[in-house]
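Q:
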Amino acid sequence: MEKVFLGLGSNIEDREYHLFNALNWIAIKMGKLSELSSIYFTEPWGKEGLNPFLNMVCTIQTEFSPMDLLVEIEKIERTSGRIRDGKGYTDREIDVDILFFGSKIIRSKSLRIPHFGLDERNFVLVPLNEIAPAFIHPASGLSVNNLLQKSPDNLKVSKYMDRNEVRKRFDQLFSEYSVI
Numbered sequence: 515m516e517k518v519f520l521g522l523g524s525n526i527e528d529r530e531y532h533l534f535n536a537l538n539w540i541a542i543k544m545g546k547l548s549e550l551s552s553i554y555f556t557e558p559w560g561k562e563g564l565n566p567f568l569n570m571v572c573t574i575q576t577e578f579s580p581m582d583l584l585v586e587i588e589k590i591e592r593t594s595g596r597i598r599d600g601k602g603y604t605d606r607e608i609d610v611d612i613l614f615f616g617s618k619i620i621r622s623k624s625l626r627i628p629h630f631g632l633d634e635r636n637f638v639l640v641p642l643n644e645i646a647p648a649f650i651h652p653a654s655g656l657s658v659n660n661l662l663q664k665s666p667d668n669l670k671v672s673k674y675m676d677r678n679e680v681r682k683r684f685d686q687l688f689s690e691y692s693v694i
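Numbering-wise, my numbering puts 661 at position 147 of the sequence shown, and it's gapless, one number per residue.
(1) Pair every Cβ in the region 626 to 637 with every Cβ in the region 663 to 670, then say whether three or more of these pairs are closer than 8 Å.
(2) I'd like the span of the beta strand (DSSP E) that includes Met-675, first residue to last.
(3) Measure from the alpha carbon of Thr-556 to the alpha carbon of each residue in Leu-547, Ser-657, Asn-569 and Lys-546, then state which is nearest.
(4) Start and end of the alpha helix (DSSP H) containing Leu-662?
(5) Just how far apart, CA to CA, sit Val-638 and Thr-576?
(6) How far does the beta strand (DSSP E) with Ile-574 in it extend, from its first residue to its last?
(7) Between Asn-659 and Pro-647, which are expected to be in contact by the criterion C-beta below 8 Å, what is the C-beta distance as a whole number of angstroms?
(8) Closer than 7 Å to a non-hydrogen atom of the ligand FMN - does that hold for the CB of Gly-521?
(9) Look at the Cβ atom of Ala-536, then the Cβ atom of Leu-522, and state whether they are nearer than 8 Å.
(10) Could you name each continuous beta strand (DSSP E) segment of 3 residues or more that falls completely within the region 606 to 633, going from the start of the chain to the end?
(11) Have a look at the DSSP bridge pairing and note the partners of Leu-522.
Given below as structure tokens:
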């Protein structure tokens, strides 16, 4: 079993619904949810004119390989209505990224772990720091907390829903999938 950190974001329609629906799919298909961050309201990163996001981070324990996990993530995104058209940053119902997969470093055409650019994106670093401030980035050797302190990102990230409320809401919606 590997501990995997996933970043989730949504900026279309009922963003909260899309996050909880993705968490449910993750719990059913990929592995046991072990930690959930708070949900954060964030300004869009990478392109002007996009809707604001709700972002969060979760951890799972999985037996999937990194590539098999990516395939399952892409299924969740497609089922939720996301269309990858190769046009870069766009509004999306759900975006699920593999941030870390244990301490693995993978650089292939279809998969980069640790996730490319996470050390410059506070919408990832803030929720990640909430649940794993001491986790060491396998490529840089820096802790998540150090990465957040050094981040050049100045876009607004504000708490939308506390992690205890996230756990409570998830348990109410999907009680058969426990969260540690």
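Every residue, glycine too, gets a C-beta built ideally from N, C-alpha and C.
None of the values given here were measured: they were computed from a predicted structure.
A: Well, looking at it:
(1) With the rule of 3 Cβ pairs closer than 8 Å, the region 626 to 637 counts as touching the region 663 to 670.
(2) 671 to 675 is the extent of the beta strand (DSSP E) around Met-675.
(3) Asn-569 is the residue among Leu-547, Ser-657, Asn-569 and Lys-546 whose C-alpha sits nearest the C-alpha of Thr-556.
(4) Unbroken alpha helix (DSSP H) run through Leu-662: 658 to 664.
(5) Taking the straight line joining both Cα atoms gives about 21 Å.
(6) Looking at the DSSP string, the run of the beta strand (DSSP E) that includes Ile-574 is 567 to 576.
(7) Rounded to whole angstroms, the Cβ separation of Asn-659 and Pro-647 is 4 Å, and the two are in contact under 8 Å.
(8) This structure lacks the ligand FMN; in fact it carries no ligand of any kind.
(9) It is a contact, given that the beta carbons lie within the stated cut-off.
(10) The qualifying runs are 609 to 615.
(11) Note: Leu-522 sits in a beta bridge opposite Met-570 and Val-610.
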